[in-house]
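Participant: Just passing along the structure, written as structure tokens.
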Amino acid sequence: MEQLDVVTFGEAMAMFIADVPGRLHEVSHYTKALAGAETNTAIGFARLGLKSGWASKVGADSFGKFIIAHLQKENVNIEQVLTDGHYPTGFQLKSKVFEGDPEVEYFRKGSAASHMSVVDFNEEYFLSARHLHMTGIPLGISEHTRAFAQHALNFMKKAGKSVSFDPNLRPTLWKSRDEMIAVTNQGAFQADTVLPGIHEGEILTGYQKPEDIAKFYLEQGVKQVIVKLGGDGAYYQTQTGQGTVKGYHVEEIVDTVGAGDGFAVGVVSGLLEGLSIEDAVRRGNAIGALAIQSQGDSDGYPTRDRLVEYMNHQLNEVK
Numbered sequence: 035m036e037q038l039d040v041v042t043f044g045e046a047m048a049m050f051i052a053d054v055p056g057r058l059h060e061v062s063h064y065t066k067a068l069a070g071a072e073t074n075t076a077i078g079f080a081r082l083g084l085k086s087g088w089a090s091k092v093g094a095d096s097f098g099k100f101i102i103a104h105l106q107k108e109n110v111n112i113e114q115v116l117t118d119g120h121y122p123t124g125f126q127l128k129s130k131v132f133e134g135d136p137e138v139e140y141f142r143k144g145s146a147a148s149h150m151s152v153v154d155f156n157e158e159y160f161l162s163a164r165h166l167h168m169t170g171i172p173l174g175i176s177e178h179t180r181a182f183a184q185h186a187l188n189f190m191k192k193a194g195k196s197v198s199f200d201p202n203l204r205p206t207l208w209k210s211r212d213e214m215i216a217v218t219n220q221g222a223f224q225a226d227t228v229l230p231g232i233h234e235g236e237i238l239t240g241y242q243k244p245e246d247i248a249k250f251y252l253e254q255g256v257k258q259v260i261v262k263l264g265g266d267g268a269y270y271q272t273q274t275g276q277g278t279v280k281g282y283h284v285e286e287i288v289d290t291v292g293a294g295d296g297f298a299v300g301v302v303s304g305l306l307e308g309l310s311i312e313d314a315v316r317r318g319n320a321i322g323a324l325a326i327q328s329q330g331d332s333d334g335y336p337t338r339d340r341l342v343e344y345m346n347h348q349l350n351e352v353k
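To convert, take the position in the sequence shown, counting from 1, and add 34; that gives our numbering.
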């Protein structure tokens with residue numbers, strides 16, 4: 035079995051992006067793409083040259099085949115992407131916007147991925163990875179995926195693997211706000227690195243300042259917390275230090291979806307490669323900035339050469 039740098043898991047969907055601005059029910063033409071926070075990160079890691087793997091279930095349908103083919107093209111390991119002939123692959127519609135967040139409508143209830151359970155967990159596959167990156171989304175999709183996620187987290191921690199956790203809150207997936215907060219935090223407390231957005235952090239901790247949000251998780255044993263501040267960059271805090279890394283200036287924002295996942299790719303890859311937390315956060319800011327300049331969720335994620343070129347260019351611009 036191939037040795038992996040990073041493994042992740044979750045649900046991927048076919049995504050139909052409106053070709054022109056307007057409400058979803060008014061648009062006639064869409065372009066098909068791939069959607070999924072965890073597949074975004076798997077693709078991002080692979081583009082940087084890391085060996086990444088993604089575990090999931092897809093339906094025995096055209097959308098499932100599309101997802102598998104797309105990830106193969108991106109050099110993501112899909113040995114643990116199972117095909118389930120009883121349930122369909124989910125999909126979503128996304129509007130085209132030039133400002134603010136797009137309108138998104140999901141068709142995922144009862145999907146193949148929502149039936150991924152602990153019996154589908156392959157210990158050998160997960161042990162082949164140095165690091166587990168997970169989001170809070172599988173914790174909310176279904177009871178099956180929640181059990182899978184909690185098992186994966188416990189298993190990797192016991193195996194001595196490092197774990198990063200991005201809350202990626204999706205309130206519509208949960209029965210209640212209180213349940214979302216409790217279960218998501220339970221997962222976050224077990225991670226080494228937690229990556230909330232500033233608004234997510236406020237929901238999960240009750241605090242508004244990034245310093246207080248970070249402290250909340252550090253007091254639970256988390257090693258390092260990086261709070262995303264949007265265009266202002268990111269704040270980081272460890273048990274021994276803290277700081278803020280400014281974001282990169284972007285002239286034109288095309289689509290903000292996928293920026294947070296790109297940020298996670300930068301931070302986690304940097305930490306795995308031995309960068310300081312400040313430099314890892316700077317890399318995360320760079321990939322996040324590149325991500326929002328493209329329409330698709332992961333289209334803007336750079337190769338290693340493109341990332342170096344972009345960061346060097348931005349450095350020279352500052353000088």
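Beta carbons: idealized from backbone N, C-alpha and C, even for Gly.
Note that the coordinates shown come from a computational prediction; the quantities given were computed from them, not determined experimentally.
If you run the structure through DSSP and keep just helix, strand and coil, what is Gly300?
Facilitator: helix
Participant: Rounded to the nearest angstrom, what separates Gly231 and Phe223 at their Cα positions?
Facilitator: 16 Å
Participant: Give me the Cα-Cα distance between Glu286 and His165, rounded to the nearest whole angstrom.
Facilitator: Between Glu286 and His165, the C-alpha separation is close to 34 Å.
Participant: Using the three-state DSSP reduction, which class does Pro172 fall into: helix, strand or coil?
Facilitator: helix
Participant: Could you say if the stretch 84 to 101 and the stretch 41 to 48 meet the contact criterion of at least three C-beta pairs nearer than 8 Å?
Facilitator: yes
Participant: Quick test of your reading: Ala71 and Ile171, contact by CB under 8 Å. State the CB separation rounded to the nearest angstrom.
Facilitator: 6 Å
Participant: Using three-state DSSP, classify Gly98 as helix, strand or coil.
Facilitator: Note: Gly98 maps to helix in three-state DSSP.
Participant: Do Gly78 and Tyr282 count as a contact pair if the criterion is CB distance below 8 Å?
Facilitator: no
Participant: Quick check on the DSSP output: what are the complete beta strand (DSSP E) runs of length 3 or more inside the stretch 77 to 145, in order along the chain?
Facilitator: 86 to 93, 115 to 118, 125 to 130 and 138 to 141
Participant: For the candidate residues Gly265, Tyr269, Glu36 and Leu263, whose alpha-carbon lies nearest to that of Lys249?
Facilitator: Tyr269
Participant: Could you check where the beta strand (DSSP E) with Tyr270 kicks off and where it finishes?
Facilitator: Ala268 to Thr272
Participant: Going along the chain, which residues of its own chain have a beta-carbon closer than 6 Å to the beta-carbon of Ser16, five neighbours each way excluded?
Facilitator: One cannot answer for residue 16 here, as it falls past the ends of the chain, which runs 35 to 353.
Participant: Go ahead and pull the three-state DSSP assignment for Ala225.
Facilitator: Of the three classes helix, strand and coil, the one that applies to Ala225 here is coil, per DSSP.
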